[in-house]
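Our numbering numbers the first residue of the sequence shown as 3 and each following residue consecutively.
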Amino acid sequence: MEVMKGIYRIAVPLPQVALKEVDIYVIEGEKGNLLIDTGWNTPEAFNAVKDSLKIDGFELRDITQIAITHFHPDHYGLAGKLKQLTNATLAMSEIEAPLLDGRYSNPENLLKELSAFLRVNGVTDSMLSKFSEASMPFRQFVVTAKPDILLKDGDTISMPPFELQVLLTPGHSPGHLCFYEPNRKMLFSGDMLLPEISTNISYHPQSSDNPLGDFINSLKMLQEIDINFAFPAHGPVFSGTKPRIEALLYHHKNREREIIQVAHNNLMNGYQIASQLAWAPGDKPVPFDKLSVWDKRLAVMETLAHLQYLVYSGKARKMEENGVNMYFVEE
Ligand SMILES: [Zn+2]
């Protein structure tokens with residue numbers, strides 16, 4: 003569907019996860035066409051991409067470049083197959099390209115690291131294998147492809163009449179990118195800025211040491227940019243990014259307050275703190291015990307992102323006790 007002149011939105015179905023679809027975009031240039039994100043590698047997703055392109059007047063081979071906002075399966079998973087079928091050049095974050103192999107093709111080491119990481123953060127032995135293998139089913143939805151172009155902050159993707167500036171917006175993933183069209187004041191925001199849900203921010207072996215701090219800095223950077231329309235990866239095109247950013251900053255501040263309440267003057271590990279908070283993977287909050295294994299894992303990693311942020315802002319201390327990382331929240 004053409005959502006603005008020369009910009010087409012394709013809703014790609016995502017079975018098996020809470021999110022129903024990922025929205026990807028075609029930018030129609032004079033000499034070629036750019037696809038932003040791909041969806042993941044299932045027959046339904048592939049058919050949705052192919053059929054929607056056709057309805058909008060494109061063949062697969064009309065796509066000349068693919069640019070990826072970040073390396074998560076629902077954004078990057080179909081890149082390998084589409085690259086083969088289109089001959090498009092593939093561009094992605096220079097920070098995330100080197101992590102692809104260890105994440106998708108040869109994940110044995112990452113699994114070991116993850117298992118050690120979860121143990122060190124208080125996940126008990128009985129839960130450990132379930133926790134560390136929870137993401138393995140997602141691997142089948144990814145056909146990896148080596149990027150032809152490595153993108154970094156300040157680069158330009160030229161698809162005349164569109165000129166997209168590459169903005170590094172880490173937090174949700176270590177090298178997440180947004181693409182900004184300054185003449186039209188449009189932002190292709192990936193998972194960085196979503197209109198209806200708040201992006202998951204996790205501390206884990208492939209994240210930075212302070213992913214929530216990175217995310218908050220990315221939000222503040224976007225706050226300074228003139229944006230008329232944001233084209234998110236999940237949800238409708240929206241304007242009013244400034245109040246949305248305010249709301250997201252407020253959301254995280256609120257969550258911080260809840261975590262401080264639970265952990266105040268207590269020496270606790272990440273798992274213990276996460277298990278005392280309420281979580282809302284669906285519409286209404288549920289206790290930690292009622293979450294699926296996958297959502298529990300996300301909950302622990304999200305709590306850890308908050309705890310790391312508190313450590314970096316001087317409000318908490320982190321110390322090791324019997325091989326487990328304990329946090330002491332002082333404020
Ligand atoms: Zn994502």
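Using N, Cα and C, we set each Cβ at its ideal position, and we do this for glycine too. Note that this is a predicted model, so its numbers are computed, not measured.
Nonlocal neighbours in the same chain, by C-beta distance under 6 Å from residue i, ignoring five residues either side
{"i": "Ala1", "result": "Past the edges of the chain, shown from 3 to 333, lies residue 1, and the structure says nothing about it."}
{"i": "Met188", "result": "Phe231"}
{"i": "Ser107", "result": "Thr146"}
Neighbourhood of residue i by C-beta, 8 Å cutoff - its chain only, sequence neighbours within 5 removed
{"i": "Asn123", "result": "Asn271, Gly272, Tyr273, Val302, Leu306, Val326 and Asn327"}
{"i": "Ala90", "result": "Leu37, Ile65, Thr66, Gln67, Ile68 and Leu84"}
{"i": "Leu153", "result": "Ala69, Ala93, Met94, Ser95, Glu96, Ile159, Val168 and Leu179"}
Endpoints, beta strand (DSSP E) assigned at residue i
{"i": "Tyr205", "result": "Here Tyr205 belongs to no beta strand (DSSP E), and DSSP marks it neither H nor E."}
{"i": "Gly192", "result": "Met188 to Gly192"}
{"i": "Tyr106", "result": "Careful: Tyr106 lies outside any beta strand (DSSP E) and carries neither H nor E."}
{"i": "Pro15", "result": "Ile9 to Pro15"}
{"i": "Glu23", "result": "Glu23 to Glu30"}
{"i": "Ala276", "result": "From DSSP, Ala276 is part of no beta strand (DSSP E) but of the alpha helix (DSSP H) over Gly272 to Ala276."}
Identified DSSP bridge partners for residue i
{"i": "Arg319", "result": "Phe330"}
{"i": "Ser160", "result": "Glu165"}
{"i": "Gln67", "result": "Leu36 and Thr91"}
{"i": "Glu4", "result": "Tyr10"}
{"i": "Val288", "result": "Trp281"}
{"i": "Asp182", "result": "Correcting the residue type first, residue 182 is Tyr in the shown sequence and not Asp. Per DSSP, Gln167 and Leu189."}
{"i": "Ile151", "result": "Ala93"}
{"i": "Leu269", "result": "Phe330"}
Same chain, Cβ closer than 7 Å to residue i, neighbours up to 5 away in sequence not counted
{"i": "Glu304", "result": "Asn202, Ile203 and Ser204"}
{"i": "Glu338", "result": "In the structure as shown, the chain starts at 3 and stops at 333, and residue 338 therefore has no counterpart that could be examined."}
{"i": "Ile229", "result": "Lys187, Leu189 and Thr243"}
{"i": "Tyr311", "result": "Asn212, Leu214 and Gly215"}
{"i": "Pro238", "result": "Pro197"}
{"i": "Leu88", "result": "For clarity, residue 88 is Thr in the given sequence; the question names Leu instead. So the qualifying residues of the chain are Leu62, Arg63 and Ile65."}
Given residue i as reference, the closest of the options once Cα atoms are compared
{"i": "Phe190", "options": "Ile275, Phe181 and Leu196", "result": "Phe181"}
{"i": "Glu183", "options": "Met161, Ser200 and Asp193", "result": "Met161"}
{"i": "Leu251", "options": "Leu196, Ser209, Ser175 and Pro234", "result": "Leu196"}
{"i": "Met129", "options": "Tyr314, Asp291 and Gln310", "result": "Asp291"}
{"i": "Leu309", "options": "Pro289, Lys286, Glu258 and Asn267", "result": "Glu258"}
Limits of the alpha helix (DSSP H) - the one that residue i falls within
{"i": "Leu334", "result": "This structure does not reach residue 334, given that the chain is present from 3 up to 333, and the question cannot be answered."}
{"i": "Phe140", "result": "Met138 to Arg141"}
{"i": "Ala47", "result": "Pro45 to Ile57"}
{"i": "Asp76", "result": "Pro75 to Tyr78"}
{"i": "Ser210", "result": "That residue, Ser210, is in no alpha helix (DSSP H); it is neither H nor E in DSSP."}
{"i": "Ser128", "result": "Asp127 to Glu135"}
Proximity test, residue i beta-carbon vs ligand 3 heavy atom, cut-off 8 Å
{"i": "Asp25", "result": "The model on display carries ligand 1 but not ligand 3."}
Pick out the complete beta strand (DSSP E) segments inside the region 224–248, 3 residues or longer, and give them in chain order. Runs found: 231–234.
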